[in-house]
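There are 2 protein chains.
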Amino acid sequence: MKSAGLSVREDAIGNIFGRWDGSENSREAIASGSHIDAIPYAGKYDGVVGVLGAIEAIRVLRSSGFKPRRSLEVIMFTSEEPTRFGLGCLGSRALAGQAGFVDVLKKAIDIHNISFAEAAKTAGYFEVHEKLEKVALLKGAYSAFIELHIEQGPTLEKEGIPVGIVTAIAAPASLKVEYKGNGGHAGAVLMPFRNDAGLAAAELALAVEEHVLASGSLDTVGTTGVLELHPGAINSIPREAHLEIDIRDIDEKRRDMVVEKVQQSASKIAINRRVQLENFIIVNQDPPAHSGEEVVEAAVLAAQQLGLQHKLMISRAYHDSLFMARITPMAMIFVPCYRGYSHRLDEYASEEDIVGGVKVLALTLARLSLS
Amino acid sequence: MKSAGLSVREDAIGNIFGRWDGSENSREAIASGSHIDAIPYAGKYDGVVGVLGAIEAIRVLRSSGFKPRRSLEVIMFTSEEPTRFGLGCLGSRALAGQAGFVDVLKKAIDIHNISFAEAAKTAGYFEVHEKLEKVALLKGAYSAFIELHIEQGPTLEKEGIPVGIVTAIAAPASLKVEYKGNGGHAGAVLMPFRNDAGLAAAELALAVEEHVLASGSLDTVGTTGVLELHPGAINSIPREAHLEIDIRDIDEKRRDMVVEKVQQSASKIAINRRVQLENFIIVNQDPPAHSGEEVVEAAVLAAQQLGLQHKLMISRAYHDSLFMARITPMAMIFVPCYRGYSHRLDEYASEEDIVGGVKVLALTLARLSLS
Chain R
1 MKSAGLSVRE DAIGNIFGRW DGSENSREAI ASGSHIDAIP YAGKYDGVVG VLGAIEAIRV
61 LRSSGFKPRR SLEVIMFTSE EPTRFGLGCL GSRALAGQAG FVDVLKKAID IHNISFAEAA
121 KTAGYFEVHE KLEKVALLKG AYSAFIELHI EQGPTLEKEG IPVGIVTAIA APASLKVEYK
181 GNGGHAGAVL MPFRNDAGLA AAELALAVEE HVLASGSLDT VGTTGVLELH PGAINSIPRE
241 AHLEIDIRDI DEKRRDMVVE KVQQSASKIA INRRVQLENF IIVNQDPPAH SGEEVVEAAV
301 LAAQQLGLQH KLMISRAYHD SLFMARITPM AMIFVPCYRG YSHRLDEYAS EEDIVGGVKV
361 LALTLARLSL S
Chain H
1 MKSAGLSVRE DAIGNIFGRW DGSENSREAI ASGSHIDAIP YAGKYDGVVG VLGAIEAIRV
61 LRSSGFKPRR SLEVIMFTSE EPTRFGLGCL GSRALAGQAG FVDVLKKAID IHNISFAEAA
121 KTAGYFEVHE KLEKVALLKG AYSAFIELHI EQGPTLEKEG IPVGIVTAIA APASLKVEYK
181 GNGGHAGAVL MPFRNDAGLA AAELALAVEE HVLASGSLDT VGTTGVLELH PGAINSIPRE
241 AHLEIDIRDI DEKRRDMVVE KVQQSASKIA INRRVQLENF IIVNQDPPAH SGEEVVEAAV
301 LAAQQLGLQH KLMISRAYHD SLFMARITPM AMIFVPCYRG YSHRLDEYAS EEDIVGGVKV
361 LALTLARLSL S
């Protein structure tokens with residue numbers, strides 16, 4: 001960001017801010033940004049397009065001779081993906097000052113029992129524990145936030161539309177479930193004497209699908225992305241099973257109903273299979289976010305000005321914008337990606353589409369800066 | 001073994017032999033032994049009791065002034081557990097000269113794509129590739145083989161009987177199955193457009209249980225001990241699933257029928273869920289083994305001589321004896337273990353029961369040595 005002429009600062013949790021001072025520097029700035037972390041075996045567009053795109057948008061505005069009134073900031077959020085601690089959007093949650101989040105983070109451990117604070121220290125963030133509370137920004141700290149991102153769904157590509165403008169972000173809930181049985185030798189314990197934690201987990205994964213399909217709406221989705229067995233040997237009955245489940249909807253009540261049904265199934269399965277339901281933790285159950293009208297409008301005008309067709313749409317994926325929405329009006333700009341693939345090595349967005357998105361972002365930032 | 005006064009040799013794959021020469025050293029020896037490797041998070045009795053027990057039995061015979069006619073050997077088999085390469089009883093299979101096994105072993109890779117030969121080299125076995133064929137013993141190389149082992153099942157403890165004498169070992173089949181789907185983002189891909197490899201795996205694990213229960217016999221058991229998802233992130237639809245399945249029976253035909261039904265289910269599930277069944281590999285499908293009458297008889301007489309109650313029984317777990325049976329008459333001596341637990345940290349056998357087993361083993365070896 002420095003090479004783009006931005007003055008850079010970093011907060012205690014690792015969010016990085018690059019600032020281009022405007023002529024009315026004391027007024028709330030306009031921010032744009034995203035993340036650069038990724039899940040294992042992911043692609044290189046998710047998040048990255050929104051960070052490099054924001055830096056590029058500012059570079060273009062600067063080289064065009066544009067003079068911002070409100071300052072413009074690029075934010076590179078830390079740890080958007082919930083890979084290590086099961087908690088998504090660490091950076092933006094901390095910025096948004098989510099109630100209770102600091103305590104959750106202080107207690108968070110990874111699969112190897114390493115605490116968040118230890119991991120942060122290893123990465124060079126020594127004061128994360130002491131300064132975590134101070135990361136939170138006040139409501140209204142920014143005048144607007146806008147995030148450029150690949151769609152991570154197939155709609156724009158299918159419809160041949162180069163720009164999506166997001167009016168709402170679907171609400172995710174994350175669950176962690178642990179079953180425990182007696183285990184034993186795969187040859188020696190006869191079937192009636194087993195209580196197999198792995199089969200309980202298999203049933204629960206299928207129950208998640210069943211309850212999601214029964215919701216009555218295409219907008220409800222549910223995924224068991226993590227299912228781990230312990231000890232995990234071919235000749236050993238699984239003694240422990242660990243699941244991580246993601247349930248989303250644009251309707252919060254409908255989603256919470258599915259979460260409730262999954263919880264009921266988890267208990268029933270435990271009783272039927274005589275395994276212990278050791279844990280059923282709702283890691284987060286965030287409300288959906290709605291975009292700020294003025295930010296959506298600025299983006300729509302920018303697309304129109306550029307002659308780029310756009311579509312107002314819902315984001316079913318989870319973004320830092322979901323949390324930024326709590327402290328500032330936000331919107332998102334989507335660009336098409338190949339077959340809607342994301343979180344895969346073959347995730348791809350064309351240069352043309354990314355350039356289009358960056359242009360819309362640049363003009364949106366310019367308009368908001370003058371507002 | 002050296003400290004027990006045995007002359008020690010090791011073969012190219014890592015089986016270790018300790019020999020006490022008898023007065024009729026040119027005749028086939030009597031062997032006893034087991035393994036000391038373990039699955040992750042296992043106990044310390046499975047296998048170990050049979051290696052230390054055989055050494056102790058020979059020490060006791062020696063200190064009692066016994067003079068063997070046939071030589072007595074202790075064998076410590078390498079890699080009985082299928083933990084790393086999915087292949088159980090590497091050492092005894094190699095000794096038994098199983099047809100095709102050398103080729104299987106030469107192609108075997110672990111989960112990190114490390115070949116068996118590379119792993120063996122890292123462990124100091126540099127010539128394993130070149131000399132693998134030469135490890136095999138001729139049929140009749142030993143006059144008899146007898147293995148002391150914890151029961152790994154609850155029968156002896158429940159019935160209060162200190163010694164089990166094994167007349168047959170149940171036949172294990174091991175399967176490896178891989179499903180592949182499109183994966184994608186857990187929020188962005190709507191349910192009708194998914195082909196979730198993890199849910200296919202969950203269904204197959206439950207189908208294994210269903211087919212085993214439908215076999216009509218208590219002796220049929222089936223276990224999905226390994227179920228791994230890729231990429232294994234909460235916000236990612238599983239794109240790949242890897243299962244390892246163990247199916248056993250004392251009736252080979254009935255077991256093979258279950259394997260066939262599991263294979264049919266694996267295909268049906270793939271079709272219904274529009275995932276690819278990338279692999280359905282029958283890693284092994286060994287025939288059951290029956291004990292040698294004269295070895296069983298020697299063990300029965302030994303127990304009677306010691307005034308220890310015994311029970312003739314079937315081994316449902318998988319042992320090196322299963323393979324030794326192909327080249328020599330064999331039997332096994334079981335001692336009770338706590339609740340039948342095995343492959344767990346709380347696996348336990350009492351000193352009293354182990355001592356009883358070692359005594360039976362010592363007298364059995366003495367009798368067979370004089371035969």
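These protein sequence lines are chains R and H, in that order.
Residues 1 to 371 in full-length UniProt numbering are what the first sequence lists, from first letter to last.
Residues 1 to 371 in full-length UniProt numbering are what the second sequence lists, from first letter to last.
Don't be surprised by glycine CBs; every beta carbon is placed ideally from N, CA and C.
Within chain H, the residues placing a beta-carbon under 8 Å from that of PRO40(R) are PRO231, GLY232, ALA233, ordered along the chain. The beta-carbon separation of PRO287(H) and ALA171(H), rounded to 6 Å, stays under the 8 Å limit for a contact. Taking a Cβ-Cβ threshold of 9 Å, the residues of chain R close to SER174(H) are ILE234, ASN235, in chain order. With a contact defined as Cβ atoms closer than 8 Å, VAL48(H) and MET191(R) miss out at about 28 Å. Within chain R, the residues whose beta carbon sits less than 7 Å from that of TYR341(H) are GLY184, listed in sequence order.
For PHE280(H) and GLN309(R), the gap between their C-alpha atoms comes out near 48 Å. Each of SER369(R), ARG316(R), ILE314(R), ALA303(R) was checked against the Cα of VAL360(R), and the nearest Cα belongs to ALA303(R). At a cut-off of 8 Å, the C-beta of TYR348(R) has no neighbouring C-beta in chain H.
Comparing alpha-carbon positions, the option among LYS268(H), PHE334(H), LEU370(H), SER371(H) lying closest to THR155(H) turns out to be PHE334(H). Contact between the region 258–278 of chain R and the region 248–259 of chain H is not established, with fewer than three Cβ pairs separated by less than 8 Å.
In the three-state reduction of the DSSP assignment, ILE161(R) falls in the coil class.
Counted as a single uninterrupted DSSP element, the beta strand (DSSP E) harbouring PHE145(H) occupies residues 142–150.
Of all residues in the region 204–221 of chain H, those with a C-beta nearer than 7 Å to a C-beta of chain R are ALA205, LEU206, GLU209, VAL212, LEU213, LEU218, VAL221, reading in chain order.
Any Cβ of chain H closer than 8 Å to the Cβ of TYR45(R) would place that residue at the interface, and such an atom is absent. As DSSP reads the structure, THR224(R) sits in a beta bridge with ILE245(R). In the structure shown, the three-state DSSP call for THR167(H) is strand.
Under DSSP, SER34(R) forms a beta bridge with MET76(R). With its beta carbon less than 8 Å from one in chain H, VAL189(R) belongs to the interface. Scanning its chain for C-beta atoms nearer than 8 Å, with the 5 sequence neighbours on each side dropped, one finds around TYR125(H) the residues ALA12, ILE13, GLY14, in chain order. ALA57(R) is not a Cβ neighbour of LEU368(R), given a cutoff of 8 Å. At least 8 Å separates the CB of LEU148(R) from every CB of chain H.
GLU24(R) and ALA298(R) have their alpha carbons spaced roughly 20 Å apart. Taking a beta-carbon distance threshold of 8 Å, ALA289(R) does not count as an interface residue toward chain H.
Fewer than three pairs of CB atoms, one per stretch, sit closer than 8 Å, so the region 158–166 of chain R makes no contact with the region 195–212 of chain H.
Chain R places a beta carbon closer than 8 Å to that of ALA317(H), counting this residue as a contact. Restricting attention to beta strand (DSSP E) runs no shorter than 3 residues, the region 281–349 of chain R encloses them at 310–315, 330–335, ordered along the chain. DSSP, reduced to helix, strand and coil, places PHE17(R) within a strand of the structure shown. Boundaries of the beta strand (DSSP E) around ARG9(R): 7–10.
When C-beta atoms of the region 318–336 of chain R are compared with those of the region 70–90 of chain R, three or more pairs fall below 8 Å, so the two segments count as touching. A straight line joining the alpha-carbon of GLU133(R) with that of PRO329(R) spans about 22 Å. Annotation for ALA197(R): the continuous alpha helix (DSSP H) segment containing it runs 197–213. As the crow flies, the alpha-carbon of LEU243(R) is around 13 Å from that of ILE237(H).
For ASP246(H), at least one C-beta of chain R is nearer than 8 Å to its own C-beta.
In this structure GLY183(R) is in contact with ARG344(H), their Cβ atoms being roughly 5 Å apart against a cut-off of 8 Å. For the 8 Å CB-CB criterion, GLY153(H) and VAL189(R) form a contact. For ILE234(R) and GLU352(H), the gap between their C-alpha atoms comes out near 31 Å.
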